[in-house]
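Below: one structure, written as structure tokens.
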Amino acid sequence: MVDNISGVDSDNFNWDTEDELETDNYAVSSNSDLSIPCGEAVLGLAEASSSGESPSSKIIDQFVGMGFSREMVAKVIEEKGEENSNLILETLLDYSASTLPSSSNSKTINHFVGMGFSEEIVVKVVQENREGSTDGILETLLTYSALETTAPVQQNAESDNFSSDYEESLLDDFSDFDSFSETEEIVCPASQEERKLLHLTKMGYSEAEASVAMERCGPDSTIEELTDFICAAQMAKAADALFPIEDQKPLSNDSNHKKRRNWSYDLLVRKKKKKLEKRFDEDAGAVQLPNPMIGFGVPTESKQITRVLPEAGVGPPYFYYENVALCPKGVWTTISRFLYDVEPEFVDSKFFCAAARKRGYVHNLPIENRFPLAPFPPRTIHEAFPLTRTWWPSWDTRTKLNCLQTCIGSARLTDRIRKALEDYDGAPPLGVQNGNAFGFPRNHTRGGGISRTDRYKSLGNSFQVDTVAYHFSVLKDKFPGGINLLSLFSGIGGAEVALHRLRIPLKTVVSVEISEVNRNILRSWWEQTNQRGTLIEIPDVQEVDGDRLEQLIKTYGGFDLVVGGSPCNNLTGSNRYHRDGLEGKDSALFFDYCRILDSVKCIMSGTKSMNV
DNA sequence: ATCAGGATGAGTAGAAAC
DNA sequence: GTTTCTACTCATCCTGAT
Numbered sequence: 047m048v049d050n051i052s053g054v055d056s057d058n059f060n061w062d063t064e065d066e067l068e069t070d071n072y073a074v075s076s077n078s079d080l081s082i083p084c085g086e087a088v089l090g091l092a093e094a095s096s097s098g099e100s101p102s103s104k105i106i107d108q109f110v111g112m113g114f115s116r117e118m119v120a121k122v123i124e125e126k127g128e129e130n131s132n133l134i135l136e137t138l139l140d141y142s143a144s145t146l147p148s149s150s151n152s153k154t155i156n157h158f159v160g161m162g163f164s165e166e167i168v169v170k171v172v173q174e175n176r177e178g179s180t181d182g183i184l185e186t187l188l189t190y191s192a193l194e195t196t197a198p199v200q201q202n203a204e205s206d207n208f209s210s211d212y213e214e215s216l217l218d219d220f221s222d223f224d225s226f227s228e229t230e231e232i233v234c235p236a237s238q239e240e241r242k243l244l245h246l247t248k249m250g251y252s253e254a255e256a257s258v259a260m261e262r263c264g265p266d267s268t269i270e271e272l273t274d275f276i277c278a279a280q281m282a283k284a285a286d287a288l289f290p291i292e293d294q295k296p297l298s299n300d301s302n303h304k305k306r307r308n309w310s311y312d313l314l315v316r317k318k319k320k321k322l323e324k325r326f327d328e329d330a331g332a333v334q335l336p337n338p339m340i341g342f343g344v345p346t347e348s349k350q351i352t353r354v355l356p357e358a359g360v361g362p363p364y365f366y367y368e369n370v371a372l373c374p375k376g377v378w379t380t381i382s383r384f385l386y387d388v389e390p391e392f393v394d395s396k397f398f399c400a401a402a403r404k405r406g407y408v409h410n411l412p413i414e415n416r417f418p419l420a421p422f423p424p425r426t427i428h429e430a431f432p433l434t435r436t437w438w439p440s441w442d443t444r445t446k447l448n449c450l451q452t453c454i455g456s457a458r459l460t461d462r463i464r465k466a467l468e469d470y471d472g473a474p475p476l477g478v479q480n481g482n483a484f485g486f487p488r489n490h491t492r493g494g495g496i497s498r499t500d501r502y503k504s505l506g507n508s509f510q511v512d513t514v515a516y517h518f519s520v521l522k523d524k525f526p527g528g529i530n531l532l533s534l535f536s537g538i539g540g541a542e543v544a545l546h547r548l549r550i551p552l553k554t555v556v557s558v559e560i561s562e563v564n565r566n567i568l569r570s571w572w573e574q575t576n577q578r579g580t581l582i583e584i585p586d587v588q589e590v591d592g593d594r595l596e597q598l599i600k601t602y603g604g605f606d607l608v609v610g611g612s613p614c615n616n617l618t619g620s621n622r623y624h625r626d627g628l629e630g631k632d633s634a635l636f637f638d639y640c641r642i643l644d645s646v647k648c649i650m651s652g653t654k655s656m657n658v
């Protein structure tokens, strides 16, 4: 992104959605940066005005450029004055709506063509919406803009020409970017970039839009991210088209400018975007979190579900990947796509124990005939911690602990809260109710020289054993002689413990875990449970390359199960600093899981596991 | 150097209110 | 159906005590 062409610094181009625009203060300098490229790109408004003209003719030209008739604009300015362009625009839109049925279609068509939609599409939509309002037409047009799949897709990806007015119209805002030499980016004709480009053009986006989006989102961006980006840009364009530069500056002195921006069209655009996003979610098969979060079933609420795995996702080996459920949008779609398009299973561990823990699991395990571990663990806070009964406030009806995080409330703080609760058993003081500061130790993280903080941290990062064991239970009959496990990002060995508690013998466990503390915990557990199998510890996932895997598979006869829960700290909402998604420093290790799983599959396709 | 404690929101989804 | 309110989140950074 060093080479910025045409004097437009793309980094200054504000691609924010209107949500952010709404809260922006236009006195902020960054917005002056914003206004320049947008202003030029907005439907030729800048061209329509010239600096030598009087304010009246200038503002008239602006609205004429937006597709309103000169007569109507002049009339409205006469009525409302020229100071408040928002009011003028609202009135113009009202007039347009009220005169639509009686006026000629051509006026309406011109109106929308002036807004940047192609004449062909506008004619079609206006004809379809004879009875509709301008809002309805606009909604349809916006939908077409983003979702039109019947748009010409025959265009050659190598072509620099755009095959329809429709696409040219969408290109309006990107005209400044045309001079980007996008073709330089596409070195290999069969590259992933080009496949994305083709995909996007097939979805109805122009090649320029797709290219700009890929440039801005980066080479590793997903289709969802790219479509979201383009959609946001289109919405920003629509909003900016109705928000000329001249209107922005006076608002900076108005303390109520945020409210004043919240005018009808702005609302309309926002609604349209929400609807579009919703449709995108539906259309793209975006991952939806189930409510209640019981996945393919939990012991207390069984669901009769059968699933057909995508062919590429079928084992051997079985694989099992875990991460936090509440990720930034699109993350789980990406995870699923990288894991052979297997549908994630979202489960809240509150159905298994006293603590909530919403997690997503992508796996190719059978889902029929699962059974839970016995004995069933305490299911409520009071069962798990009987002493809490003595001071638990009557107003608090919660029975489940919230998710255990890696940072805990100090003993002093919890004590303060406890005392405060004892004092206030009636109406609760606000600050006390929010004191969510429970910490709960477990013996598993015992180990000489390990601090309490580290123990909590390790526990917080761990699998919920009962939940995972429920999913693993289907393996019990399949591997009576024991299992070969490749455990990536093992942590404190949640997978190993789950298999052990299911009485599935651990023949070979190759554990990859970077934390020495966690390796100590797992080794300690391994020794204390008198495991007879072989434990191989590898500290760094980067050591696990093709050669190493081949050697391990050759030695131990292949892996039956590849388990991994890659770091979530760039995904979880708890992270206030680096919630960077899958591209984050730590969470990007997900791609190492994919790499290793893929290698194992490839190697094992030639070297069958002895167990399968 | 290590550890414990405290301060630090954004983003999101779902419930509740309208 | 839409808007507003509410609750929740495998965390990180900094400071002071040891």
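Position 305, counted from 1, in the first sequence is what my numbering calls 351; the numbers after and before it change by one each time, with no gaps. Backbone N, C-alpha and C define an ideal beta-carbon position, used for all residues, glycine too. Given the structure is predicted, the values throughout are model-derived calculations rather than measurements.
Secondary structure of residue i, DSSP reduced to three states
| i | result |
| --- | --- |
| V344 | strand |
| D626 | coil |
| V514 | helix |
| K553 | strand |
| I529 | strand |
| F365 | strand |
| T580 | strand |
| R565 | helix |
| F392 | strand |
| K503 | helix |
| V119 | helix |
| G406 | strand |
Closest residue to residue i among the options (Cα-Cα distance)
| i | options | result |
| --- | --- | --- |
| Q350 | Y367, R416, D586 | R416 |
| D500 | E589, Q451, H517 | Q451 |
| K404 | K396, L411, N410 | K396 |
| R578 | S536, G528, E589 | G528 |
| T380 | L628, T445, L548, P345 | L628 |
| I642 | N615, E596, R622, S620 | E596 |
| K647 | L617, I599, C614, S620 | I599 |
| I414 | F342, E542, R116, V333 | It is worth fixing the name first, because residue 414 is Glu in this sequence and not Ile. When each option's Cα is compared against that of E414, the closest is F342. |
| E562 | L545, L552, H546, D586 | D586 |
| D593 | I649, E125, E559 | I649 |
| Y386 | F637, E347, S440 | F637 |
| P418 | S348, K242, N530, K126 | S348 |
Same chain, Cβ closer than 6 Å to residue i, neighbours up to 5 away in sequence not counted
| i | result |
| --- | --- |
| E663 | Residue 663 falls outside the range modelled here, since the chain spans only 47 to 658, and no answer is possible. |
| V344 | F397 |
| E559 | S536, R565 |
Buried or exposed (CB count within 10 angstroms, at least 16 for buried), residue i
| i | result |
| --- | --- |
| E239 | buried |
| W437 | exposed |
| D442 | exposed |
| V360 | exposed |
| H517 | buried |
| S645 | buried |
| A420 | exposed |
| E124 | exposed |
| S52 | Here S52 scores only 32 on pLDDT, less than 50, and its place in the model should not be relied on; the value that follows carries that caveat. Under this definition S52 is an exposed residue. |
| P362 | buried |
| N337 | exposed |
| G406 | buried |
Beta carbon of residue i nearer than 8 Å to that of residue j
| i | j | result |
| --- | --- | --- |
| L355 | V388 | yes |
| P390 | V408 | yes |
| T659 | F398 | Since the displayed the chain opens at 47 and closes at 658, residue 659 lies outside it and no answer follows. |
| D606 | Y364 | yes |
| K446 | A515 | no |
| I538 | L505 | yes |
| S536 | L568 | yes |
| W571 | V590 | no |
| F422 | M339 | no |
| V608 | L552 | no |
Same chain, Cβ closer than 7 Å to residue i, neighbours up to 5 away in sequence not counted
| i | result |
| --- | --- |
| Y639 | Y367, L534, G610, S612 |
| G540 | S508, F509, V511, V514 |
| P147 | Note that P147 scores 39 on pLDDT, short of 50, meaning its location in the model is unreliable; the coordinates nonetheless yield the value given after this. Taken in chain order, the list of residues that qualify is empty. |
| N410 | L355, G359, V360, G361, Y364, F365, V388 |
| N616 | H624, R625, D626, G627, G630, K631, D632, S633 |
| V377 | L617, G627, L628 |
Residues near residue i in its chain [Cβ-Cβ closer than 8 Å; skip 5 each side]
| i | result |
| --- | --- |
| R549 | K522 |
| R353 | F342, E389, I413 |
| R547 | L419, V511, A515 |
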